[in-house]
Every structure is written in C-alpha cells, then in structure tokens.
Amino acid sequence: MIPSWLNEWLASPWLPAILAFGAFADAFLLTSVFVLGELFFIATGYAVGLTAQWWLIPLIWASALFGDLSSYWLGQCYGEGIIRRFIHKGAKRRLNYLRAKRLMQRRGGIAIFTARLTGPIAKFMPFLAGTMHVNFRTVLYASLLGVIIGTIQFFFIGWLVAVGLN
1 MIPSWLNEWL ASPWLPAILA FGAFADAFLL TSVFVLGELF FIATGYAVGL
51 TAQWWLIPLI WASALFGDLS SYWLGQCYGE GIIRRFIHKG AKRRLNYLRA
101 KRLMQRRGGI AIFTARLTGP IAKFMPFLAG TMHVNFRTVL YASLLGVIIG
151 TIQFFFIGWL VAVGLN
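The UniProt record's numbering puts the first residue of the sequence shown at 1, with every later residue one more than the last.
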C-alpha cells in the first residue's frame with residue numbers, strides 16, 4: 001500500500017526537477033557536501049518502478065554529468081588560485097597535491113572514473129582535473145561512465161522497493 005502523500009508526490013510535475021537538482025547538487029563541488037545524491041537516485045528508481053517513467057534515468061544521468069562538468073569548469077577558471085592558497089599552508093598538503101597531479105597526468109580518466117565509484121573523493125576529482133587542465137574529453141567520458149555505473153545500483157534498489165510494494 002502506497003501512502004496518499006507519496007502518490008501526490010509521484011504525480012507532481014516538480015518531481016523530475018527535484019530529482020535532477022539533487023543529482024546535480026550531489027556532483028557539484030560547492031553543494032556536494034550538503035546533498036546525499038544516493039537518496040535522489042533511490043527515489044528515481046522508486047518513481048520509475050511505480051510510474052514506468054524510464055526517461056527519468058537519463059535525466060538524472062545528464063544532471064549528475066552536468067554537475068561534474070560544472071566542477072571541472074570551476075577548476076579550470078578558479079582552481080589554481082584556490083589550490084595555491086590551500087597548499088601554501090603546509091609541506092604535507094603540497095606533497096599530497098603533487099601526488100594527485102602525478103596521478104592525473106598518468107591516469108586521468110581512470111582516476112576520475114574510479115573516484116566516481118568511491119564516494120567522497122568523487123566530489124573533488126572533476127575540480128582537480130579542471131585545475132590540472134586534463135583534456136575535456138577524458139573528463140567527459142570518465143565522468144559519464146562513472147555516473148552511469150555508480151548510479152545503477154541505487155536505481156535498482158529503488159525500483160526493487162517500488163516493485164515489492166505492488
């Protein structure tokens with residue numbers, strides 16, 4: 001049995017916008033600390049399971065990818081100044097930054113893709129890639145693949161809950 005308030009929420013024209021904003025906010029550097037995207041991904045799977053609106057899934061993928069690419073752009077425009085202030089405060093920070101830079105230069109795409117699947121690191125990698133001027137195509141493909149693979153499990157969980165209720 002589905003509560004009436006939930007039926008109203010699923011029928012709301014605001015549902016796609018709310019879910020898309022949640023996916024974007026989870027991926028964007030400045031808001032990702034405050035937003036748990038997993039909740040929005042599970043809610044998307046739940047909505048798809050009850051309403052069969054499969055178009056929500058590509059919308060969420062596009063929103064999360066746009067969040068990653070916005071962080072990349074932020075890193076390209078303002079990253080060097082921010083990083084300079086951050087690493088100026090200690091030798092250990094400089095060492096960690098140099099390690100991250102070496103990793104990005106050697107394995108940029110793989111590092112971004114892997115970070116997207118590991119949680120908290122995913123929030124910073126597109127920004128660092130922009131700061132270190134990693135090729136845009138590399139960031140685009142790695143983020144796209146990471147977004148798709150990283151969210152499928154949450155969509156599936158939400159879908160299973162929705163299908164299990166009926």
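The beta-carbon is built from N, C-alpha and C at its ideal position, and this holds for glycine as well.
Rounded to the nearest whole angstrom, the CA to CA distance from TRP61 to ALA52 is 17 Å. Here the alpha carbons of LEU19 and ARG93 stand approximately 36 Å from one another. With contacts defined as CB atoms closer than 8 Å, LEU59 and LEU144 fail to qualify as a contacting pair. For TRP14, no alpha helix (DSSP H) segment is defined, and its DSSP state is neither H nor E.
By the Cβ-count criterion, PRO13 is exposed, with fewer than 16 other Cβ atoms from all chains shown falling within 10 Å of its own Cβ. In the three-state reduction of the DSSP assignment, PHE34 falls in the coil class, being assigned neither a helical nor a strand state. For SER70, the number of other beta carbons within 10 angstroms of its own is at least 16, and it is reported as buried.
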